[in-house]
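Asker: Following this message is one structure expressed as structure tokens.
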Amino acid sequence: MQKIEKIDALDKKILSILSKNARMPFKDVATECNVSRAAIHQRVQRLIEIGVILGSAFNINPKALGYNTCTYVGITLERGNMYREVAKQIALIPEIVECHYTTGSYTMLVKLYARDNEQLMELLNDKLQNINGVVSTETLISLEQSIKREIPVAYEDAEE
Numbered sequence: 001m002q003k004i005e006k007i008d009a010l011d012k013k014i015l016s017i018l019s020k021n022a023r024m025p026f027k028d029v030a031t032e033c034n035v036s037r038a039a040i041h042q043r044v045q046r047l048i049e050i051g052v053i054l055g056s057a058f059n060i061n062p063k064a065l066g067y068n069t070c071t072y073v074g075i076t077l078e079r080g081n082m083y084r085e086v087a088k089q090i091a092l093i094p095e096i097v098e099c100h101y102t103t104g105s106y107t108m109l110v111k112l113y114a115r116d117n118e119q120l121m122e123l124l125n126d127k128l129q130n131i132n133g134v135v136s137t138e139t140l141i142s143l144e145q146s147i148k149r150e151i152p153v154a155y156e157d158a159e160e
């Protein structure tokens, strides 16, 4: 695991602004932070290099691509130490967009998108449950996503 370096109040302010609108031009971020565009560019580059900013991406609406069912699947493994090998097999299923090794009722929790219930059944029965080491699965269908956001970035504003 990479050690994350200390970040200061300006870094946190930049992160707070960009977490709300990652497409905001650096010149606008610079104006809001009262520093030069070059300073923002350098800070963002450094935040990427030290592992604070993990990337940038567009959020694609799965429904626009025909994936109408968002599902969370709790997976129980034969043995917890099988997690890494099972995760490699899960990574081969493109409809699975997240995979977590967890504590509690399940060994793993995955998030997947299916076009419909028929494809969901195929993903569960023919793919997930056929992975060596998977003992059982429990499926939870998301009816609606109410909140999706980045973790808040607290910073001290020198002018407030």
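Its first residue numbered 1, the sequence shown is counted upward by one per residue in the working numbering.
The beta-carbon is built from N, C-alpha and C at its ideal position, and this holds for glycine as well.
Here the structure is a predicted model, which is why all the values come from computation and not from measurement.
Output needed for VAL153: all residues of its chain with C-beta closer than 7 Å, excluding positions within five of it in sequence on either side, in chain order.
Answerer: LYS12, LEU15, SER16, SER19
Asker: With three or more beta-carbon pairs closer than 8 Å as the criterion, would you say the region 31-45 touches the region 105-124?
Answerer: no
Asker: Among residues of its own chain, excluding the 5 on either side of TYR155, which ones have a beta-carbon nearer than 7 Å to its beta-carbon?
Answerer: ALA9, LYS12, LYS13, SER16
Asker: What did DSSP end up calling SER19 once you bin it into helix, strand or coil?
Answerer: The three-state secondary structure of SER19, taken from DSSP, is helix.
Asker: Taking C-beta to C-beta, are THR137 and ILE96 nearer than 7 Å?
Answerer: no
Asker: Can you check which of these residues, SER105, SER142, TYR101, ILE60, is closest to ASN117 by C-alpha distance?
Answerer: Closest by alpha carbon: SER142.
Asker: Where DSSP assigns a beta bridge to ALA114, which residues make up the other side?
Answerer: THR69
Asker: Could you have a look at TYR83 and say whether DSSP puts it in helix, strand or coil?
Answerer: helix
Asker: How about ASP28: is its Cβ closer than 6 Å to a heavy atom in the ligand MN?
Answerer: Ligands in the displayed structure: none, and consequently the ligand MN is not present.
Asker: From ALA87 to GLU32, what distance separates their C-alpha atoms?
Answerer: The alpha-carbon of ALA87 is positioned some 42 Å away from that of GLU32.
Asker: Rank GLY104, GLN89, ILE151, PRO94 by C-alpha distance to the C-alpha of GLN129 and give the top, closest one.
Answerer: GLN89
Asker: Kindly indicate which residue of ASN21, LEU120, ASP126, LEU77 has the alpha-carbon position closest to the one of ALA57.
Answerer: Scanning ASN21, LEU120, ASP126, LEU77 for the CA closest to the CA of ALA57 turns up ASN21.
Asker: Quick one, which of THR71, MET108, LEU92, ILE131 has its alpha-carbon nearest GLN119's?
Answerer: THR71
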